[in-house]
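Working notes, beginning with the structure itself.
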């Protein structure tokens, strides 16, 4: 198991230059970056939709508390990821400027910050909402920080498939915050994000694979080759398109959702098919579209429930 290295050394490894950087002198913005705000925004959004889909309602103050706990828990997992991955972040171009490898914060800063936020968010969720939501939030943090980051990421190219469960929990947490339970509806929302993660991530991996190769992280394009990666992306895309229809099939998605998820699913599979054919730029186009796909189907589902169309 590789431990995070000194951030000053990490920066030297990434740049190849012997530079002197401040050690652990970051500000509020650097701590905010530890939370991975872009990832957090997606987590909060899908968690909020889970609350909208759930039968029943929450007092606005409790609803805000639930969203806040989901956001803080996701940020805590991100901070713990940056603590453990400081060494490989330093040699990857897209992550070398993160607070720890850049030397603005120490690995211990990230570890302490992540642990405090983890305990705080789970405890507050249990006290303010219910034990089911708190348990799912704890599982989210453990899956991302321990199962994915520490256990799987450096050992298997299937890391993102299993570890991807972390990103799929938030709508279940939102649903459980309202109902105190896990139902087929929340499991369907989980399955959509779970199946979305491999084609989304592997499309990205195809055009940044050299970054992962330098860091020694096994990913499908470098361990199994691009043809196999494209084949698996297509397979997961078909499964995703089918899973995306389930809210409509099961009756908690309305007519608008049925139409939009069908069209978007078909486009997703088409883009994956073009990637499977090896078309230039298809990886970037699929990656970009995958973000739009997830946003639109969850936004449509949430909007239908707000408007009472389901």
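Residue numbers (the UniProt record's numbering): 1 to 310. Quick reminder that beta carbons are idealized off the backbone N, C-alpha and C, glycines included.
{"Check": "Per-residue DSSP class, three states only, for residue 249", "Outcome": "helix"}
{"Check": "Supposed close pair residue 101, residue 30 - CB separation, criterion 8 Å", "Outcome": "The pair is not a contact, with the Cβ atoms about 12 Å apart (cut-off 8 Å)."}
{"Check": "Touch test, the region 219–237 against the region 248–258, Cβ-Cβ under 8 Å, three pairs minimum", "Outcome": "no"}
{"Check": "Residue 232 versus residue 133 - alpha carbon distance", "Outcome": "33 Å"}
{"Check": "Whether residue 161 touches residue 198 by CB criterion (7 Å)", "Outcome": "yes"}
{"Check": "The region 206–221 contacting the region 91–98, beta-carbon criterion three pairs below 8 Å", "Outcome": "yes"}
{"Check": "Residue range of the unbroken alpha helix (DSSP H) whose run includes residue 209", "Outcome": "209–215"}
{"Check": "Rounded straight-line distance, which links the Cα of residue 181 to that of residue 105", "Outcome": "39 Å"}
{"Check": "Runs of alpha helix (DSSP H) lying entirely within the region 262–306, each at least 4 residues, in chain order", "Outcome": "282–306"}
{"Check": "Three or more C-beta pairs below 8 Å linking the region 112–119 and the region 67–87", "Outcome": "yes"}
{"Check": "Own chain partners of residue 238 with C-beta closer than 7 Å, once the 5 adjacent residues on each side are dropped", "Outcome": "269"}
{"Check": "Rounded distance between the beta-carbons of residue 53 and residue 301, thought under 8 Å", "Outcome": "6 Å"}
{"Check": "Helix, strand or coil at residue 44 according to DSSP, with G and I counted as helix", "Outcome": "helix"}
{"Check": "Element boundaries [alpha helix (DSSP H), containing residue 171]", "Outcome": "170–179"}
{"Check": "Counted within 10 angstroms of its Cβ, other Cβ atoms place residue 41 as buried (16 or more) or exposed", "Outcome": "exposed"}
{"Check": "Separation of residue 310 from residue 110, as counted between CA atoms", "Outcome": "43 Å"}
{"Check": "Residue from 172, 179, 148 and 112 whose Cα sits closest to the Cα of residue 164", "Outcome": "148"}
{"Check": "Rounded C-alpha distance that separates residue 21 from residue 86", "Outcome": "Residue confidence for residue 21 is low, a pLDDT of 38 falling below 50, so the modelled location carries little weight and cannot support an answer."}
{"Check": "Buried or exposed by the 16-neighbour rule on C-beta atoms within 10 Å, applied to residue 288", "Outcome": "exposed"}
{"Check": "Whole-angstrom distance between residue 82 and residue 26, CA atom to CA atom", "Outcome": "14 Å"}
{"Check": "CB contact flag (residue 168, residue 184, <7 Å)", "Outcome": "no"}
{"Check": "Rounded Cβ spacing between residue 186 and residue 50 (contact assumed at less than 8 Å)", "Outcome": "6 Å"}
{"Check": "Helix, strand or coil at residue 199 [DSSP, three-state]", "Outcome": "helix"}
{"Check": "Beta-carbon proximity check, residue 312 vs residue 290, cutoff 7 Å", "Outcome": "The structure shown does not extend to residue 312, since the chain is modelled only from 1 through 310, so no value can be given for it."}
{"Check": "Reference residue 179; option with closest CA among 63, 292 and 151", "Outcome": "63"}
{"Check": "Any C-beta of chain B under 7 Å from that of residue 293", "Outcome": "Of the chains in the structure shown, none is chain B; there is only one protein chain."}
{"Check": "Collapsed DSSP secondary structure at residue 26 in the structure displayed", "Outcome": "coil"}
{"Check": "With 16 other Cβ atoms within 10 Å as the buried cut-off, status of residue 38", "Outcome": "exposed"}
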